[in-house]
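Numbering (the working numbering), first residue to last: 85 to 207.
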């Protein structure tokens, strides 16, 4: 059995063009995006292990923010999650699984979390 490492970036607030209804389609909506990425891990992390043995957390943040295409309207937040997964798979062959949780902040009325979680495995 291979060792794995889970990298996590949680609660990024990102404005994204998304939505089905006309009142949602003209302006970006605030989404709260959290990522958990499963990587193949080396057998040991010594004190002097270089960053290349892991993955930079900023790569995860980038996939959920700047790598989202500007001006593109995602009908479903599932499409946003899928784009993030594909970006991370393309970035690094060691990425084996990506879990993306997206909460639509604009539709919460009493602080509840309404959204989706998508888990994709490398194929």
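A virtual CB, placed ideally from N, CA and C, is assigned to each residue, including glycine.
Since the structure is predicted, the reported quantities are computational estimates derived from the model, not experimental observations.
Burial state of residue i (16 or more Cβ within 10 Å)
i: residue 104; result: exposed
i: residue 147; result: buried
Beta-carbon spacing of residue i, residue j below 9 angstroms
i: residue 209; j: residue 123; result: Here the chain has residues from 85 to 207 only, and residue 209 is not among them.
i: residue 109; j: residue 167; result: no
i: residue 162; j: residue 119; result: no
Distance between residue j and residue i (C-alpha atoms, nearest Å)
i: residue 189; j: residue 116; result: 7 angstroms
i: residue 159; j: residue 91; result: 28 angstroms
i: residue 173; j: residue 180; result: 8 angstroms
i: residue 135; j: residue 141; result: 10 angstroms
i: residue 207; j: residue 96; result: 27 angstroms
i: residue 149; j: residue 114; result: 12 angstroms
i: residue 133; j: residue 89; result: 14 angstroms
i: residue 101; j: residue 152; result: 10 angstroms
i: residue 205; j: residue 196; result: 28 angstroms
i: residue 154; j: residue 193; result: 28 angstroms
i: residue 131; j: residue 187; result: 37 angstroms
i: residue 137; j: residue 191; result: 40 angstroms
i: residue 125; j: residue 85; result: 11 angstroms
i: residue 107; j: residue 94; result: 28 angstroms
Spatially closest choice to residue i from the options, by CA coordinates
i: residue 185; options: 109, 175 and 199; result: 199
i: residue 111; options: 118, 193 and 99; result: 99
i: residue 143; options: 191, 170 and 131; result: 170
Rounded Cβ spacing between residue i and residue j (contact assumed at less than 8 angstroms)
i: residue 121; j: residue 182; result: 5 angstroms
i: residue 127; j: residue 87; result: 7 angstroms
Test: residue i CB closer than 9 angstroms to a CB of chain C
i: residue 130; result: The displayed structure is made up of one protein chain only, and chain C is not part of it.
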